[in-house]
Structures are given as structure tokens and as C-alpha cells.
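Below you'll find the structure, written out as C-alpha cells, and then a few comments.
Numbering (the numbering used here), first residue to last: 157 to 338.
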């Protein structure tokens, strides 16, 4: 393929300004996945911070559909994704970013106390959407599982959550995390 024919940021961005179909997403994945396309992944990743909300959320949505091997490319962006969560007030961007983090390993050396606190705050905040509360519950466990005293804190927090009516999504996440702690 000639250099000028290769997709770039100038060709990826316009595709993300409209509502994506399943075919659009598959095409974007085809263009950006694979070892040879790290530059395009980087450009797609840059678009997750675009000032146009639709472009940013569509870029995050494309990453949701990456194959497992290509998803590993995002591991290097672990702390950037966490920073994005801490900074965004957009529920859709947050939900999509949390979903990407749930696909990543949380090693003991990578754990950030600011993100643990963030997850604990959001999982108990009834004003947060159910999906975000559920994701934060799972992410809190992934980070806190290395230390018994933090697991005890999480268990107490989850017991408080269980005192209130729970949506099916929150109840499912609650059961999953409680089962893992036993």
C-alpha cells in the first residue's frame, strides 16, 4: 500500500464524527489492529481525548471491540486511562474507559490509592449510573485484593451497599465480588 493511501488521523477522525454501525466498527478495527498498525492505534487513542464528544466516545467504542491481542496494546496506557477516569465528568466516556480498564491486569505494583478511593466513592454513590457503580465495584476488588486489610474495607463497603435496594447490574457485580473474596 502506498504511503499516501495509508489511513491516518485525518482519515480516522471524520469517520468518528457520525453514529457508528457494526460495519463501521469492524472496518475501524481492521484498519487499526495488528502489530504493524501501532501508529494508527496511537492516533485512534489520541482521538479518545478529542474536543468533539462524539469523536472521543466513538474512538473509545472502537477500542471496546479490539481483539484480545490488540487490547494488550492498551496496557501501556494503564495510568493514562486511570487519569482520564479521574478527570472526566462525562458518564459515557467514564463507562467506556472503566470497561477498558476492566480488561487490563492490575498488578500490585501498579495500584494507585487515588483510583482505589475513586472506585470506592463511585460504587457507593447512588447518583452514579448503575454500570459505573458496578464497574467501580469490580475495579476496587481488582486493586484491593492484594491486601487483607483493604479487602476487609471493601467487604464492609459492600455490606453497606447491600443495605439499600440494588439494581440487577449492581447486585450481579456485588455477588461476583463477594464470591471472589470468599
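Glycine residues also receive a C-beta, built at the ideal position from the N, C-alpha and C atoms.
What you are looking at is a predicted structure, and each value in this text was computed from that prediction instead of being measured.
Buried versus exposed, by CB contacts within 10 Å (16 or more), residue i
i: residue 189; result: buried
i: residue 229; result: buried
i: residue 290; result: buried
i: residue 316; result: exposed
i: residue 299; result: buried
i: residue 168; result: buried
i: residue 237; result: buried
i: residue 215; result: buried
i: residue 157; result: Because the pLDDT of residue 157 is 37, which lies under 50, any placement of that residue in the model is unreliable, and the question is left without a value.
i: residue 240; result: buried
i: residue 233; result: buried
Same chain only: Cβ atoms within 7 Å of residue i, ignoring 5 sequence neighbours per side
i: residue 295; result: 254, 257, 258, 275
i: residue 333; result: 293, 294, 297, 314
Residues near residue i in its chain [Cβ-Cβ closer than 6 Å; skip 5 each side]
i: residue 308; result: none
i: residue 178; result: none
i: residue 306; result: 300
Own chain partners of residue i with C-beta closer than 8 Å, once the 5 adjacent residues on each side are dropped
i: residue 288; result: 247, 250, 251, 254, 278
i: residue 264; result: 302
i: residue 326; result: 286, 289, 290, 293, 317
i: residue 336; result: 297, 301
i: residue 281; result: 289
Beta-carbon proximity of residue i to residue j, cut-off 8 Å
i: residue 211; j: residue 200; result: no
i: residue 221; j: residue 181; result: yes
i: residue 310; j: residue 270; result: no
Selected residue, minimal CA-CA separation from residue i, among the options
i: residue 217; options: 318, 300, 176, 198; result: 176
i: residue 284; options: 328, 323, 337; result: 323
i: residue 172; options: 186, 209, 192; result: 209
i: residue 318; options: 325, 330, 310; result: 330
i: residue 286; options: 310, 269, 321; result: 321
i: residue 192; options: 225, 214, 174, 178; result: 225
i: residue 196; options: 207, 205, 184, 206; result: 184
i: residue 114; options: 206, 174, 338, 194; result: With the chain covering only 157 through 338, there is no way to say anything about residue 114.
i: residue 260; options: 266, 219, 231, 235; result: 231
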